[in-house]
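Numbering (the numbering used here), first residue to last: 22 to 92. Presented below is the structure to which this report refers.
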């Protein structure tokens, strides 16, 4: 059930993938309603990579998930 919720959340955030559209877990970090969902997706993505947490940041003008406290 939890995996299904995460998959649906990621689908809602990413929704379309084509050239020119940013497709990352933090792509919607500037949208007030989806800001927390983007942060949650970033944290989960980092945890799957064996990192403690993650933060959405802008790098070179693009939103990226930056993981920290990695093993």
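Positions of the beta carbon are idealized from the N, C-alpha and C atoms, including for glycine. Computed from a predicted structure; not experimentally measured.
- Counting the other Cβ atoms within 10 Å of the Cβ of residue 75 gives 16 or more, which makes it buried.
- Excluding its 5 nearest sequence neighbours in each direction, residue 27 has C-beta neighbours in its own chain below 7 Å: 65, listed in chain order.
- Residue pairing by DSSP places residue 66 in no beta bridge whatsoever.
- Shown here, residue 90 sits in a strand according to DSSP, grouped into three states.
- Straight-line measurement puts the Cα of residue 50 at about 8 Å from the Cα of residue 57.
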